[in-house]
Amino acid sequence: MLTHLDSQGRAHMVDVTDKSVTFREAVAQARVRMLPATLQMIVDGAHPKGDVFAVARIAGIQAAKKTSDLIPLCHPLMLTGVKVELSAEGVDTVCIVARCKLSGQTGVEMEALTAASVAALTIYDMCKAVDRGMTIESVRLLEKLGGKSGHFKAEEQ
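Rendered as structure tokens:
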């Protein structure tokens, strides 16, 4: 059942007034593939624009806090924790993992997905002058805890 549609099939914001406040957490991931030389420049801290991982981390945190401004039917949430981790994976990939938490009446999957996506876009923006062929891939929900639908954990890829 699509909860964002009313009885006439029109989009609307879901009313969460009667839902219980519970602990909720979501973890999302994105990967950015690039030339090995680009990743090496990031890891070595040799990028002329500065610390790529630090800027992408802050961008991801900011994006999680602004999700309801970007996704039309998302509720504004009082996040209690946002963590964005970036790491080199192999010789040509940055792996981004975003974790969002709160005690509330609706989940934080969209916030985690937005954080991971914007962190990936920030890496692209900072590195596009040296590697326009980068690709952003595997943006997905890894895990969701809390709420009525319970625990979800993605299968390994």
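What the sequence shown shows, in our numbering, is residues 218 to 374, in sequence order. Note that CB positions come from ideal geometry on N, CA and C, so glycine has one too. If you're wondering where the values come from, they're calculated on a predicted model, not measured in any experiment.
Apart from the five residues on each side of it in sequence, which residues of its chain come closer than 6 Å, Cβ to Cβ, to residue i?
i: L362; result: E242, H368
i: H264; result: M258
i: K266; result: M343
Pick helix, strand or coil for residue i, following the three-state DSSP scheme.
i: G298; result: strand
i: V249; result: strand
i: C344; result: helix
i: L358; result: strand
i: E373; result: coil
i: I353; result: strand
i: K282; result: helix
i: V308; result: coil
i: G277; result: helix
Evaluate residue i with the Cβ neighbour count: other Cβ atoms within 10 Å of its Cβ, from every protein chain shown; 16 or more gives buried, anything less gives exposed.
i: G350; result: exposed
i: I288; result: exposed
i: V269; result: buried
i: T352; result: exposed
i: L290; result: exposed
i: A337; result: buried
i: S334; result: buried
i: A276; result: buried
i: V299; result: buried
i: G262; result: exposed
Looking only at its own chain, which residues have a Cβ that is under 8 Å from the Cβ of residue i, when we skip the five neighbours before and after it?
i: A329; result: A243, V244, A245, A281, A315, R316, C317, L358
i: T310; result: R248, V249, R250, M251, L256
By Cβ distance, which residues of its chain are closer than 7 Å to residue i, with the 5 residues on each side in sequence left out?
i: L319; result: R241, L294, M295, L296, T297, V325
i: I340; result: V249, V269, A273, V311
Check whether the stretch 312-328 and the stretch 271-283 touch, using three or more Cβ-Cβ pairs below 8 Å as the test.
In short, these stretches touch, since the Cβ pair count reaches three.
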